[in-house]
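To convert, count from 1 in the sequence shown and add 1051; that's my numbering.
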Amino acid sequence: MDCIFCKIANGEIESNIIYEDEKIIAFNDLDPKAPTHFLVIPKNHISSANEINEDNEAIIGHIFKVISKLTKEFGFDKKGFRIVNNCGEDGGQTVNHIHFHVLAGRQLQWPPG
Ligand code: AMP
Ligand code: ZN
């Protein structure tokens, strides 16, 4: 499958990896929208939030646990941060491998555009 995030997960495409374990990887976004902006993805291909089910729900919980650990390590637990998942066309998803954006380091606006 020609998936850019699968290629990042298997090392075919270089990225700035900030966390890795056997199931997931976190790397800096190429086009950051905040002073800190990284993406967290499962290594296994899941297309979008539409594909979350009882077989893969544990990985989603694992991703959120790791985000909580990383944001604490980076010192964002006090000031806060935002986790974003864009799903599908109206959600603005451009890469069809599920990913969670983590944005931090400035006051973020609400609602998003
Ligand atoms: P989305 O619009 O939610 O699908 O987000 C896709 C994100 O992937 C965007 O923020 C892009 O800047 C980012 N992105 C695309 N290609 C790469 C890459 N090779 N390395 C890091 N981030 C990427
Ligand atoms: Zn993929």
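Even for Gly, the Cβ is constructed at its ideal location relative to N, Cα and C.
**Item:** Straight-line Cα distance separating residue 1061 from residue 1054
**Value:** 11 Å
**Asked** For residue 1098, which residues of its own chain have a beta-carbon under 8 Å away from its beta-carbon, when the five flanking residues on both sides are left out?
**Response** 1147, 1148, 1149
**Prompt:** CB residue 1095 to CB residue 1107, shorter than 9 Å?
**Reply:** yes
**Message:** Under DSSP, the beta strand (DSSP E) around residue 1071 begins and ends at which residues?
**Reply:** 1068 to 1071
**Prompt:** Per DSSP, what kind of secondary structure is residue 1121 in: helix, strand or coil?
**Reply:** helix
**Prompt:** When a residue counts only if its C-beta is closer than 6 Å to some heavy atom of ligand 2, which residues count, in chain order?
**Reply:** 1054, 1056, 1057, 1096, 1148
**Asked** Relative to ligand 1, is the shortest distance from any of its heavy atoms to the C-beta of residue 1091 smaller than 8 Å?
**Response** no
**Request:** Note the first and the last residue of the continuous alpha helix (DSSP H) segment covering residue 1076.
**Result:** No alpha helix (DSSP H) holds residue 1076; the beta strand (DSSP E) holding it covers 1075 to 1079.
**Request:** Report yes if the C-beta of residue 1152 is less than 8 Å from at least one heavy atom of ligand 1; otherwise report no.
**Result:** yes
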